[in-house]
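*Asks:* What follows is a structure written as structure tokens; I'll ask about it next.
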Amino acid sequence: MATLLIGGNVGIIAGFLVAPATALFLHRREPPQSRHERRRITADLPFAADLMTACLLAGRPVSAATDIAADAIGGPLGERLTWVSRQLRLGADPEPTWATLAKDPAMGPLSRAMSRAANSGAPVAEVLTRLADDARESARAASVASARSVGVKAVAPLGLCFLPAFVLLGIVPVIAGLASTIIIP
0 MATLLIGGNV GIIAGFLVAP ATALFLHRRE PPQSRHERRR ITADLPFAAD
50 LMTACLLAGR PVSAATDIAA DAIGGPLGER LTWVSRQLRL GADPEPTWAT
100 LAKDPAMGPL SRAMSRAANS GAPVAEVLTR LADDARESAR AASVASARSV
150 GVKAVAPLGL CFLPAFVLLG IVPVIAGLAS TIIIP
């Protein structure tokens, strides 16, 4: 496209430079489906952790608590928790099973917390309670940052609309008036 817009040898060189940069940008861009899944997992994570904590405090094993939370939550988080529950019921080692989910950025906090709890023998209910509190706090901070950015984003269109009007109605007549007094004495 750059070759056609610019033309000539410069356009060919620009085309060779723009094409790889565009391909790299499009390759690194996250697909909308995975972005939607990540947001949904992040939103459901505190509730899932609270539900698993309640099940653990009621005396259920980790695999049963994970399965109950997966059934109640559903969606992408439920699918991943169902997989973990099945692996744990089949007798898989908990630490590598949870560590498998760490590749997903949205599941990373839960995965790391459960891996540490399985490795250290820490009470899982306390770990999940802290995880739920941290997830809620980070969601709260993200919503505050998003609300603050709305004000900044709202100013840009206003500036683009009012700045030309200000220049045409405020500055141009003043300059024209000054120019007419200087040129015509």
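Going letter by letter, the sequence shown gives residues 0 to 184 in numbering that gives the first Met the number 0. For each residue, glycine too, the CB sits at the ideal point set by N, CA and C. This structure is a prediction, so every number in the text was calculated from the model and none was measured.
Are there three or more Cβ pairs, one per stretch, closer than 8 angstroms when the region 51-67 is compared with the region 139-152?
*Replies:* No, because fewer than three Cβ pairs between the region 51-67 and the region 139-152 fall closer than 8 angstroms, the two stretches do not touch.
*Asks:* Under 8 angstroms Cβ to Cβ from Ala121, same chain only, skipping five residues before and after it: list those, please.
*Replies:* So the qualifying residues of the chain are Arg115.
*Asks:* Going along the chain, which residues of its own chain have a beta-carbon closer than 7 angstroms to the beta-carbon of Ser84, five neighbours each way excluded?
*Replies:* Around Ser84: Ser62, Thr65, Asp66, Ala69.
*Asks:* Would you mind giving the Cβ-Cβ distance between Ala48 and Leu130, rounded to the nearest angstrom? I have them listed as a contact below 8 angstroms.
*Replies:* Confirmed, about 5 angstroms.
*Asks:* With a threshold of 8 angstroms on Cβ separation, who are the neighbours of Pro93 within its own chain once the five nearest residues in sequence on each side are excluded?
*Replies:* Val61, Leu87, Met113, Ser114, Ala117.
*Asks:* Within the continuous alpha helix (DSSP H) that includes Lys152, where are the two ends?
*Replies:* Taken as a continuous stretch (DSSP letters only), the alpha helix (DSSP H) holding Lys152 covers 123-165.
*Asks:* Short of 7 angstroms in beta carbon distance, which residues of its chain neighbour Lys152, apart from the five on each side in sequence? Order them along the chain.
*Replies:* Nothing listed; no residue qualifies.
*Asks:* Can you round the beta-carbon distance between Leu162 and Met51 to whole angstroms, since I take them to be within the 8 angstroms contact cut?
*Replies:* Contact doesn't hold; Cβ gap of about 54 angstroms is too wide.
*Asks:* Helix, strand or coil: how does DSSP classify Ile67 here?
*Replies:* Of the three classes helix, strand and coil, the one that applies to Ile67 here is helix, per DSSP.
*Asks:* Would the beta-carbon of Glu36 fall within 8 angstroms of that of Pro95?
*Replies:* Not closer than 8 angstroms, so no.
*Asks:* So which of Ala98, Arg135, Thr81 has the shortest CA-CA distance to Thr41?
*Replies:* Answer by Cα proximity: Arg135.
*Asks:* In terms of residues, what are the limits of the alpha helix (DSSP H) holding Leu50?
*Replies:* That run of the alpha helix (DSSP H) goes 31-56.
*Asks:* Who are the near neighbours of Arg59 in its chain, counting only those whose CB is closer than 8 angstroms to its CB and skipping five residues on each side?
*Replies:* So the list reads Ile67, once near-sequence residues are dropped.
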